[in-house]
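S.K.:
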Amino acid sequence: MAEGKNILIAGFGGQGILFTGKFIVYTGMLTGGEVSWLPSYGPEMRGGTANCSVIISDTPIGSPIVEKPDILVVMNRPSFDKYENSCVIGAKLFVDSTLIERKTQRDDLEAFYIPATGLADENNLNGLANMVMAGKVLRETNICPYETIAEAMKKTVPERKKNLFDANIRAIELGWNY
Amino acid sequence: MEKVLMKGNEAIAEAAINAGCRFFFGYPITPQTEVAAYMAKKMPKIGGTYLQAESEIAAINMVIGASAAGARVLTSSSSPGISLKSEGLSYLAGCDLPAVIVNIQRGGPGLGGIQPSQADYFLATRSSGHGDFHMIVLAPNNIQEIVDVTQKAFDLADKYRMCVMILGDGILGQMMEPAIIDASGNTGAAQKPWALTGTGGKRKKNIVNSLYLQPEELEEKNFARYEKYKEIAENEAMCEEYKTDDADIILVSYGATSRICKNAITMARAEGIKAGLLRPITLWPFPKKSLMARADGAKAFISVEMSMGQMIEDVKLAIECKKPVALCSRTGGIVHSPEDILAKIKAVNGGDFS
């Protein structure tokens, strides 16, 4: 059973930020946690910054808004700059280091730098850097056991996009094994 | 039953279909567009009608038509769109027609913004549109409850022949949580002997009308409607109480804001302040008796709302001003942080009721 996790995932619109959140929510839900998912919505989704609050908890969830993440996933520089300081002490920070060159300025975070966009491109998985990041997040947290990943993906990928299932799983494995 | 992860807007649409609704008329507006999008996908597959009208005004008048013919019918919009529908809501009330109206509120007034708000409290509870009338107003605060109250909305509308508004906000419309959609409780549409279904030459004709030129007759109609409202106020008020038993300070809050209150209550109790929450699930009728029952035990109340002091009037009326009622407002699309609410709890605990 997952303990309380407040996850914030942020990047550009089009990077699959909301999809990543949905997938992680399913892993938490299938592991027996209470879950909520809240997207930013409106104009920012169309090419601006996008973010997504995901909460996985063993108690009923009050506010679905994550203001002080204990897990922060950032996939562009503006999101890193904006949310780095909102993390709680000891939070786990996941940075796509292909797109973000700088390191965290805080010394009280546990930071992971994953060249997710590069890894995805090298492996013919263009556009799936988000799932590389998700793989690393799941590896470094105890949101769900490895076996839950495939089950959660089945629920996240719509029926008509079954061909994307394998690609998503491969991307997650790249992140998991990085 | 399997739990499915759904957005609040999608949950409304799916629950409405489960409740036997086969007609949806609407016009897109953020942040409720997923209701219409879901209906557009689903209705044609189940023999229902989805129609994107040329405007909100057209949509609500289509609702009048479908309802008069006896169908279960839904329309949805967000704040500015509900203003446009208000004339139609008054006509529905004047004709005693049942319909379910969804308002996923955004910041106002005017075109306002697209972020969450609760500034349509007066609009929803004080009658939207002209004339003496009420709508039943349901205010869920999680996705499962959205499903449950949507089903209930159709039943209440048919039972009392009146409009029921589901009042949400941008957070509830956009967020996802697991929910179980169980159709087994579906009572289906009630018998509607008053509906315009064609006499078949076998019965007297039915008339659906809101025009009464004889004032005596119109007064009689309104008296009768208010007798019905009295019965509803007596029987249909709903609320949730959270840690109110020993509470010195009782927050009153609905919808997404009430969820944030629970975080603030946990923080306040960690600091030794006994706070609790009374959450109206029906805004009209307002759960007056439940509030009054807490008026002696509590030291003060706080109305926590994403509006500039609308629900606070109902809180004061409900407790007949027995205790101070403070206001904790955010507006314009800004959502309270738990710290905003905690600060107000502390101030009130220290005797500052401003």
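Top to bottom, those sequences are chains V and E. With this note's numbering as the guide, the letters of the first sequence map in order to residues 164 to 341. With this note's numbering as the guide, the letters of the second sequence map in order to residues 2 to 355. Cβ atoms here follow ideal geometry from the backbone N, Cα and C, with glycine treated the same way.
Could you check which residue in A234(E), S304(E) and M2(E) has the C-alpha nearest to that of L157(E)?
M.R.: Cα-wise, what sits closest to L157(E) is A234(E).
S.K.: So that I know if they touch, is there some Cβ in chain E lying closer than 8 Å to that of G179(V)?
M.R.: With 8 Å as the cut-off, G179(V) does not count as an interface residue toward chain E.
S.K.: Hey, N104(E) and R260(E): beta-carbon distance below 8 Å or not?
M.R.: Not in contact: N104(E) and R260(E) (Cβ atoms no closer than 8 Å).
S.K.: Would you mind stating whether F257(V) and K231(V) have Cβ atoms separated by less than 8 Å?
M.R.: No, the pair does not count as a contact, with Cβ atoms beyond the cut-off.
S.K.: If we ignore side chains and look at the alpha-carbon of each, how far apart do T245(E) and L279(E) end up?
M.R.: Looking at the two C-alpha atoms, the distance is approximately 7 Å.
S.K.: Could you name each continuous beta strand (DSSP E) segment of 3 residues or more that falls completely within the stretch 173 to 247 of chain V, going from the start of the chain to the end?
M.R.: Fully enclosed beta strand (DSSP E) runs of 3 or longer: 197 to 202, 212 to 220 and 234 to 237.
S.K.: Can you find a CB in chain E that lies within less than 8 Å of the CB of M192(V)?
M.R.: It does; some Cβ of chain E falls within 8 Å.
S.K.: Mind listing the chain V neighbours of Q175(E)? Cutoff is C-beta to C-beta under 7 Å, in chain order.
M.R.: Going along chain V in sequence order, the residues near Q175(E) (Cβ under 7 Å) are L201, P202 and Y204.
S.K.: Using a C-beta to C-beta distance shorter than 7 Å, which residues of chain V count as neighbours of I325(E)?
M.R.: One detail in the question is off: residue 325(E) reads as Pro in this sequence, not Ile. Ordered by position in chain V, no residue passes the 7 Å Cβ test against P325(E), which lies about 25 Å from the chain.
S.K.: Measure the C-alpha to C-alpha separation of M164(V) and S226(V) and round it to an integer number of angstroms.
M.R.: Legend: pLDDT at M164(V) = 33, less than 50; position of this residue unreliable, value from coordinates given subsequently. One C-alpha to the other measures close to 21 Å.
S.K.: Would you tell me roughly how many angstroms separate the C-alpha atoms of L75(E) and S249(V), rounded to the nearest one?
M.R.: Distance between the alpha carbons of L75(E) and S249(V): 41 Å.
S.K.: Quick check on L318(E): buried or exposed, where buried means 16 or more other Cβ atoms within 10 Å of its Cβ?
M.R.: Exposed.
S.K.: As an exercise, report each continuous alpha helix (DSSP H) stretch of at least 4 residues that is fully enclosed by the stretch 54 to 141 of chain E, in chain order.
M.R.: With a minimum length of 4 residues, the continuous alpha helix (DSSP H) runs that stay inside the stretch 54 to 141 of chain E are 57 to 69, 80 to 95 and 122 to 126.
S.K.: Along the stretch 16 to 39 of chain E, what residues have a CB closer than 9 Å to any CB found in chain V?
M.R.: Taking 9 Å as the Cβ-Cβ cut-off against chain V, the residues of the stretch 16 to 39 of chain E that qualify are T31 and P32.
S.K.: Considering only the alpha carbon of each residue, which of N169(V), G195(V) and Q178(V) lies closest to A213(V)?
M.R.: Taking only the C-alpha atoms, the option nearest A213(V) is Q178(V).
S.K.: What's the C-alpha gap between I313(E) and A140(E)?
M.R.: Using only the alpha carbons, I get a separation of about 16 Å.
S.K.: Any C-beta of chain E sitting closer than 8 Å to the C-beta of E314(V)?
M.R.: Not an interface residue.
S.K.: Work out the CA separation of K205(E) and A180(E) for me, nearest whole Å.
M.R.: So the two alpha carbons sit approximately 45 Å from each other.
S.K.: Evaluate Y309(V) with the Cβ neighbour count: other Cβ atoms within 10 Å of its Cβ, from every protein chain shown; 16 or more gives buried, anything less gives exposed.
M.R.: Label assigned to Y309(V): exposed.
S.K.: Would a C-beta distance cut-off of 8 Å place F134(E) and S91(E) closer than the cut-off?
M.R.: Yes, they are a contact pair.
S.K.: Taking its Cβ as the centre, do 16 or more other Cβ atoms sit within 10 Å of M294(V), making it buried, or is it exposed?
M.R.: By the neighbour-count rule (16 or more Cβ atoms within 10 Å), M294(V) is buried.
S.K.: Are the C-beta atoms of N104(E) and some chain V residue less than 8 Å apart?
M.R.: Judged by the 8 Å Cβ criterion, N104(E) is not in contact with chain V.
S.K.: Quick one: which chain E residues come within Cβ less than 7 Å of G225(V)?
M.R.: Per Cβ cutoff of 7 Å: R260, I261, K263 and N264.
S.K.: Scan the stretch 325 to 342 of chain E for residues whose Cβ lies nearer than 7 Å to a Cβ of chain V and list them as they occur along the chain.
M.R.: So the list reads V336, S338 and P339, given in the order they occur along the chain.
S.K.: Can you check whether the C-beta of K179(E) is within less than 8 Å of a C-beta belonging to chain V?
M.R.: Per the sequence shown, the amino acid found at residue 179(E) is Pro instead of Lys. At least one chain V Cβ lies under 8 Å of P179(E).
S.K.: Out of A60(E), F287(E), C322(E) and I172(E), point me to the one whose CA is closest to M239(E)'s CA.
M.R.: When each option's Cα is compared against that of M239(E), the closest is F287(E).
S.K.: With 8 Å as the threshold, decide whether the Cβ of L6(E) is near any Cβ in chain V.
M.R.: Yes - at least one Cβ of chain V is within 8 Å of the one on L6(E).
S.K.: Around the Cβ of T1(E), are there at least 16 other Cβ atoms within 10 angstroms (buried) or fewer (exposed)?
M.R.: Outside the modelled stretch of chain E, which goes from 2 to 355, sits residue 1(E), for which no answer is possible.
S.K.: Mapping the DSSP letters down to three states, classify E237(E) as helix, strand or coil.
M.R.: E237(E): coil per DSSP, three-state reduction.
S.K.: So with Cβ pairs under 8 Å, would you call G9(E) a contact of chain V?
M.R.: Cβ-Cβ to chain V under 8 Å: no for G9(E).
S.K.: Quick one: give me the first and last residue of the alpha helix (DSSP H) that G338(V) is part of.
M.R.: Counting along the chain, the alpha helix (DSSP H) containing G338(V) begins and ends at N326 to N340.
S.K.: Okay, do the stretch 255 to 272 of chain V and the stretch 234 to 243 of chain V touch, 3+ Cβ pairs below 8 Å being the bar?
M.R.: Verdict: yes, contact present.
S.K.: Return helix, strand or coil for F275(V), following the three-state DSSP convention.
M.R.: The answer is strand: DSSP assigns F275(V) an E or B state.
S.K.: Using three-state DSSP, classify F287(E) as helix, strand or coil.
M.R.: It is coil, neither helix nor strand.
S.K.: Does DSSP put Y39(E) in a helix, a strand or coil?
M.R.: Reduced to three states, the DSSP call for Y39(E) is helix.
S.K.: Which residues of chain E have a Cβ atom closer than 9 Å to the Cβ of V198(V), listed in chain order?
M.R.: Simply L6, M177, E178 and P179.
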